[in-house]
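J.: Under numbering that gives the first Met the number 0, the sequence shown has 440 at position 441, and the numbering climbs by one with no breaks. Below is the structure I would like to discuss, written out as structure tokens.
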Amino acid sequence: MMKQWEREERRSPVAMPSEEFRSAGHKLVDRIADFLDSLPQRRVTPGESPSKVREALDANRALPESGTDADALLERAAELMFDHSLFNAHPRFWGYVTAGAAPIGMLGELLASAANPNCGAWLLSPMASEIEGQTIRWIAEMLRYPTDCGGLFVSGGNMANIVGFLAGRAAKGGAEIRTKGVDGRRLRAYCSAETHTWIQKAADIAGLGTESVRWVGVDDDFRMDVEALRARIHEDVAAGDEPFLVVGNAGTVSTGAVDPLREIAAVCREFGLWFHVDGAYGALAAVAPEAAHLFAGMDGADSLAVDPHKWLYAPIEAGCTLVRDVAKLRDAFSYHPAYYHFGVEATNYFDLGPQNSRGFRALKVWLALQQVGREGYAQMIGDDMRLSRAMYESVAKHPELEAMTQGLSIATFRYVPAGYSGEAEYLNKLNQELLTRLQQRGEAYLSNAVIGGKYALRACIVNFRTSLGDVESVAELVVRIGREVDGEIRAGLN
Ligand SMILES: Cc1ncc(COP(=O)(O)O)c(C=O)c1O
0 MMKQWEREER RSPVAMPSEE FRSAGHKLVD RIADFLDSLP QRRVTPGESP SKVREALDAN
60 RALPESGTDA DALLERAAEL MFDHSLFNAH PRFWGYVTAG AAPIGMLGEL LASAANPNCG
120 AWLLSPMASE IEGQTIRWIA EMLRYPTDCG GLFVSGGNMA NIVGFLAGRA AKGGAEIRTK
180 GVDGRRLRAY CSAETHTWIQ KAADIAGLGT ESVRWVGVDD DFRMDVEALR ARIHEDVAAG
240 DEPFLVVGNA GTVSTGAVDP LREIAAVCRE FGLWFHVDGA YGALAAVAPE AAHLFAGMDG
300 ADSLAVDPHK WLYAPIEAGC TLVRDVAKLR DAFSYHPAYY HFGVEATNYF DLGPQNSRGF
360 RALKVWLALQ QVGREGYAQM IGDDMRLSRA MYESVAKHPE LEAMTQGLSI ATFRYVPAGY
420 SGEAEYLNKL NQELLTRLQQ RGEAYLSNAV IGGKYALRAC IVNFRTSLGD VESVAELVVR
480 IGREVDGEIR AGLN
């Protein structure tokens with residue numbers, strides 16, 4: 000009998016006849032639309048234990064020897080995902096800096112994978128590479144960053160910052176840094192004490208070691224103390240160290256603080272340092288007219304990290320690094336082995352970053368930017384900031400809640416039992432347990448911050464489904480769980 004591969008029309012097991020593909024795809028899209036409609040009625044998370052989730056999956060099942068019908072498989076996958084997931088698209092999800100996906104982005108992901116361009120090289124992704132370039136320029140326009148900048152899509156905020164850090168290392172570390180490595184030199188990077196942990200990974204990956212990071216103090220609003228920065232640079236230079244980069248935050252992860260970017264830019268000019276801005280969370284707020292002034296000086300950054308999978312609502316993953324001078328990315332990342340044959344006059348993205356084969360992350364962002372427009376994003380981001388202030392005000396009014404900070408779209412607060420005047424440490428323990436219960440129950444989802452040594456609950460609204468009613472429900476919910484935990488701990492103590 001003829002083997003499959005000998006036939007004129009080979010039928011591989013992974014291929015799907017178009018009728019089968021059409022029918023399975025339509026069913027899946029219907030299923031997803033129903034799921035999206037059902038979100039407000041669901042809990043944010045079922046709060047199941049790892050063993051319960053593994054049981055639902057039948058996690059120890061052996062690899063199937065033979066194949067299964069695709070339609071049934073997709074149905075089972077949808078059931079597993081919709082019954083056992085945490086939904087960051089839920090109107091009352093405000094944990095970390097994590098957004099729900101824009102529906103057009105979901106469809107964009109499907110389209111991107113259908114064409115499946117390899118966005119490492121222009122020849123392998125002609126239209127996709129051009130769309131990526133246009134999207135980068137539109138993001139720069141939105142942020143009022145020079146539109147003749149270069150840049151590329153990466154997986155998320157960490158990578159976007161790490162790419163900027165490595166570009167700074169190559170630009171300021173001299174030509175030999177890529178051939179000889181750090182070679183005993185004491186390169187130093189500066190950032191505020193509120194900076195996200197990506198900087199530790201960056202210093203580690205760059206071969207500098209985490210002790211090369213100088214954590215500079217902050218003022219009462221958690222913004223970098225620029226005089227302390229200047230003093231630390233002087234001290235390091237006097238000790239024979241080599242300062243090379245300063246990070247400015249455009250929206251810190253804990254409280255949404257925006258560092259004095261213009262002043263940091265001036266320090267960088269004074270000492271000849273690379274100015275990198277971490278705008279992964281907050282930079283996109285520059286599109287909202289009421290917040291734009293906070294970001295004055297951001298256009299002076301040598302590199303800028305932004306995260307479309309946060310406030311542009313791109314499905315995860317989509318981070319983005321912008322660099323004022325694209326040649327600096329080439330200087331940091333480009334290699335041309337003999338087996339490359341990509342000689343066209345166009346951008347080859349393998350030249351600009353750490354990846355070789357690259358997915359088409361830009362499409363979902365490109366689609367949403369046009370579906371919504373600048374005005375649409377200004378309105379949505381502005382609304383998130385207004386809702387965060389409303390949450391802060393509603394919490395501040397409650398006698399058993401202590402409102403702590405509000406910046407961009409982040410509010411922090413904690414539960415303090417009525418009339419409490421005991422040990423500070425007890426409140427930390429109480430709020431920690433409160434958060435664990437709140438997260439597990441799934442009526443709403445918060446994360447935490449530590450504010451001046453106090454354990455705080457933290458709500459970060461990057462959520463286009465959240466309404467005023469949602470944010471106003473938080474105070475009662477937190478107090479209800481707070482009283483319950485307080486009662487139990489005290490009963491246990493007695
Ligand atoms: C300010 C800031 N930088 C970097 C990151 C890291 O982003 P990602 O989780 O996409 O890697 C975050 C994440 O919340 C952030 O808030």
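Positions of the beta carbon are idealized from the N, C-alpha and C atoms, including for glycine. In this text, all values refer to a predicted model and were calculated from it rather than measured experimentally.
Grab me the residues of Ala410's own chain with a C-beta within less than 6 Å of its C-beta, minus the 5 sequence neighbours each way, in chain order.
T.: Closer than 6 Å at the Cβ level, and outside the excluded window around Ala410, lie Ser387, Met390, Tyr391, Ala458.
J.: Could you check whether the Cβ of His275 sits closer than 6 Å to any heavy atom belonging to ligand 1?
T.: no
J.: Would DSSP call Asn248 helix, strand or coil?
T.: strand
J.: Return helix, strand or coil for Tyr348, following the three-state DSSP convention.
T.: Tyr348: helix per DSSP, three-state reduction.
J.: For ligand 1, is there any heavy atom lying closer than 6 Å to the beta carbon of Gly208?
T.: For ligand 1, not one heavy atom lies less than 6 Å from the Cβ of Gly208.
J.: Looking at His83 and ligand 1, is the gap between the Cβ and the nearest heavy atom below 6 Å?
T.: no
J.: Thr320 by DSSP, collapsed to three states: which one?
T.: strand
J.: Comparing C-alpha positions only, which one of Ser420, Lys363, Lys396, Thr178 sits nearest to Lys309?
T.: Lys363
J.: Kindly indicate which three-state DSSP category Ala237 falls into: helix, strand or coil?
T.: helix
J.: Output needed for Gly481: all residues of its chain with C-beta closer than 6 Å, excluding positions within five of it in sequence on either side, in chain order.
T.: Tyr414, Leu433
J.: Would you kindly work out how many angstroms separate the C-alpha atoms of Asp350 and Ser420, rounded to a whole number?
T.: Answer to the nearest angstrom: the Cα atoms are 60 Å apart.
J.: Tell me which same chain residues have a C-beta within less than 7 Å of the C-beta of Asp469, skipping the five on either side of it?
T.: Excluding residues within five positions, the ones whose Cβ falls inside 7 Å are Pro90, Arg91.
J.: Report the residue ranges of all alpha helix (DSSP H) runs contained in full by the segment 95-145; include only those spanning at least 4 residues, in chain order.
T.: 102-114, 125-142
J.: With 16 as the cutoff for other CB atoms within 10 Å, does Tyr515 come out buried or exposed?
T.: Residue 515 lies beyond the stretch modelled for the chain, which goes from 0 to 493, so this question has no answer here.
J.: Using a Cβ-Cβ cutoff of less than 7 Å, which residues in the same chain neighbour Arg229 once the five nearest sequence positions on both sides are dropped?
T.: If the five residues before and after Arg229 are omitted, its C-beta is found closer than 7 Å to the C-beta atoms of Val266, all from its own chain and listed in chain order.
J.: Is Ala100 near His83, with beta carbons less than 7 Å apart?
T.: Pairing Ala100 with His83 gives a Cβ-Cβ distance that is not under 7 Å.
J.: Apply the 10 Å Cβ neighbour rule to Met1 and answer buried if 16 or more other Cβ atoms are within range, or exposed otherwise.
T.: exposed
J.: Following a CB-centred definition, is Val96 positioned closer than 6 Å to any heavy atom of ligand 1?
T.: yes
J.: Would you identify the three-state DSSP class for Tyr391, choosing helix, strand or coil?
T.: helix
J.: Please list, in chain order, all residues of the same chain as Leu170 whose beta carbon is under 8 Å from its beta carbon, the five residues on each side excluded.
T.: For the record, residue 170 in the displayed sequence is Ala; it is not Leu. Within the same chain, Cβ atoms closer than 8 Å to the Cβ of Ala170 are found at Trp273, Asp301, Lys327, Asp330, Ala331, the five residues on either side in sequence being excluded.
J.: Among all the DSSP beta bridges, which residues are the ones paired with Glu401?
T.: Arg413
J.: Grab me the residues of Thr67's own chain with a C-beta within less than 6 Å of its C-beta, minus the 5 sequence neighbours each way, in chain order.
T.: Around Thr67: no qualifying Cβ.
J.: Have a look at Phe20 and Tyr338 and give me their C-alpha separation to the nearest angstrom.
T.: 36 Å
J.: Taking Glu210 as the reference, give the member of Val257, Arg185, Ser48 with the closest Cα.
T.: Arg185
J.: Between Ala159 and Ala279, which are expected to be in contact by the criterion C-beta below 8 Å, what is the C-beta distance as a whole number of angstroms?
T.: 6 Å
J.: So Ile161 and Ile103 are supposed to be a Cβ contact under 8 Å. How far apart are they, rounded?
T.: Not quite, the Cβ-Cβ distance comes to about 29 Å (not below 8 Å), so this is no contact.
J.: Starting from Asn447, trace the beta strand (DSSP E) both ways and give me its first and last residue.
T.: 446-450
J.: From Arg231 to Leu407, what does the alpha carbon distance come to, in whole angstroms?
T.: Arg231 and Leu407: Cα-Cα distance of roughly 29 Å.
J.: With respect to 6 Å, is the separation between the Cβ of Gly365 and the closest non-hydrogen atom of ligand 1 below this value?
T.: Sequence inspection shows Trp at residue 365; the Gly mentioned does not correspond to that position. The answer is no for Trp365.
J.: Going by C-alpha to C-alpha distance, which of Gly491, Ala313, Ser466, Ala377 sits closest to Gly156?
T.: Per the Cα distances, Ala313.
J.: Would Leu429 and Leu445 be called neighbours here (beta carbons separated by less than 7 Å)?
T.: no
J.: With DSSP as the reference, identify every bridge partner of Val212, one or two as the case may be.
T.: Ala188
J.: Can you list, in chain order, the stretches of the alpha helix (DSSP H) that have 4 or more residues and sit fully within the segment 19-107?
T.: 49-56, 69-82
J.: Report the rounded CA-to-CA distance for His233 versus Ala227, giving the unit in angstroms.
T.: 10 Å
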